[in-house]
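To start, the structure itself, in structure tokens.
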Amino acid sequence: MAAPSVINARVTCGQVLSCVTPCISYAMGRGSEPPPACCSGVSNLNAAANNTADRQATCKCLKQITSTMPALKPDIVAGIPSKCGVDIPYPIASSTDCSK
Numbered sequence: 082m083a084a085p086s087v088i089n090a091r092v093t094c095g096q097v098l099s100c101v102t103p104c105i106s107y108a109m110g111r112g113s114e115p116p117p118a119c120c121s122g123v124s125n126l127n128a129a130a131n132n133t134a135d136r137q138a139t140c141k142c143l144k145q146i147t148s149t150m151p152a153l154k155p156d157i158v159a160g161i162p163s164k165c166g167v168d169i170p171y172p173i174a175s176s177t178d179c180s181k
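Every position in the sequence shown, counted from 1, becomes a number in this note's numbering once 81 is added.
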């Protein structure tokens with residue numbers, strides 16, 4: 082049986098961007114803690130990506146978003162979920178293999 086395809090994902094890049102937009106300023110190094118709207122977005126996104134296809138789609142969108150914003154600090158981006166108390170099943174990094 083083949084793994085679910087990202088084509089079956091319900092989470093869109095627009096939704097991902099909407100959820101993480103409040104995190105951008107913090108991810109650029111502005112502020113000591115992610116704002117509440119950032120954590121709310123991360124939590125909502127994690128809840129929406131509740132199957133393999135959605136998690137893969139979310140991962141790919143996050144990689145696209147971070148690759149277009151060079152001012153984002155990778156170490157801060159990677160730490161946002163834990164700072165927000167959200168456990169995600171993959172690291173947020175340019176090296177993450179979203180197919181797994």
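A virtual CB, placed ideally from N, CA and C, is assigned to each residue, including glycine.
By the Cβ neighbour-count rule, glutamine 137 is buried, with 16 or more other Cβ atoms within 10 Å of its own.
Taking the CA atoms as reference points, valine 97 sits about 23 Å from serine 113. Rounded to whole angstroms, the Cβ separation of cysteine 104 and isoleucine 161 is 6 Å, and the two are in contact under 8 Å. In terms of Cβ geometry, isoleucine 173 and leucine 143 form a close pair [threshold 8 Å]. When the beta-carbon positions are compared, proline 117 and tyrosine 107 stay at least 8 Å from each other. Annotated as distal: cysteine 100 and lysine 141, with beta-carbon spacing of 8 Å or more. Relative to the Cα of methionine 109, the nearest Cα in the group Ser175, Ala152, Val92, Pro170 belongs to Ala152. Contact annotation: valine 92 and aspartate 156 have beta-carbon atoms that are not nearer than 8 Å. Bounds of the alpha helix (DSSP H) holding cysteine 142 are 133-148.
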